[in-house]
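Peer 1: First the structure, which I've put down as structure tokens, then a few questions once you've had a look.
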Amino acid sequence: MNWRVRGIRGATTAEANTYGAIRAAVLELMSELEARNPSLDPHEVASATFSVTPDLDAVFPAQIARSRPNWEIVPFVDVQHFAVSGSLPRCIRVLLHVNMLVPQQDIRHVYLRGASELRPDLVRLP
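First residue of the sequence shown? That's 211 in the numbering used here, and the numbers climb one at a time after it.
Set out below in structure tokens:
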């Protein structure tokens with residue numbers, strides 16, 4: 211197997227638009243991404259994009275993710291999702307582009323809390 215760039219997706223919801231609630235949601239999401247993808251090495255992350263719904267503006271999710279050990283070197287960007295009527299509120303999504311030896315079908319995407327309804331086809335335990 212050769213090294214390939216793989217996409218790892220994750221999403222969660224914050225309980226409120228506060229620093230503490232967003233921090234808790236992002237840390238839980240990042241921990242779960244690492245737990246379900248043991249070969250995920252922050253040193254091999256080419257880029258990471260966080261997106262949030264317009265109702266979350268208390269803190270940048272990337273700021274929280276960068277506080278984790280070894281994640282401070284990852285090139286992050288934060289963007290805002292456009293508002294869609296009836297969409298899931300207080301939602302935080304992340305897309306990691308990672309250099310890995312793992313086949314795409316073995317990647318474990320993580321959808322937590324209210325975000326588990328977004329992609330029930332991808333919500334599975336390792």
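Cβ coordinates follow ideal geometry from the N, Cα and C atoms, glycine included. Just so you know, these numbers come straight off a predicted model, no measurement behind them.
Starting from the Cα of residue 250, find the closest Cα among 284, 294, 308 and 214 and give me that residue.
Peer 2: Here the question's residue 250 lines up with position 40 in the sequence shown. Answer by Cα proximity: 308.
Peer 1: With a threshold of 8 Å, are at least 3 pairs of Cβ atoms found where one atom belongs to the stretch 232-245 and the other to the stretch 262-275?
Peer 2: Contact holds: three or more Cβ-Cβ distances are below 8 Å.
Peer 1: If you follow the alpha helix (DSSP H) that residue 306 is part of, which residue opens it and which one closes it?
Peer 2: Mapped onto the sequence shown, residue 306 falls at position 96. Note, residue 306: premise wrong, no alpha helix (DSSP H); beta strand (DSSP E) at 301-310.
Peer 1: Quick one: what's got a C-beta closer than 7 Å to residue 278's C-beta in the same chain, skipping five residues either side?
Peer 2: Translated into positions along the sequence shown, residue 278 becomes position 68. Cβ neighbours of residue 278 beyond the five flanking positions: 240.
Peer 1: DSSP three-state label for residue 217, please.
Peer 2: Translated into positions along the sequence shown, residue 217 becomes position 7. Correct three-state label for residue 217: strand.
Peer 1: Sorted by chain position, which residues of the same chain lie with C-beta nearer than 6 Å to residue 223's C-beta, five sequence neighbours on each side aside?
Peer 2: Start at 1 with the first residue of the sequence shown, and residue 223 comes out as number 13. So the qualifying residues of the chain are 300, 301, 323, 324 and 325.
Peer 1: Per the DSSP calculation, residue 257 is bridged to which residue(s)?
Peer 2: Residue mapping note: residue 257 aligns to position 47 of the sequence shown, counting from 1. Beta-bridge pairing links residue 257 to 307.
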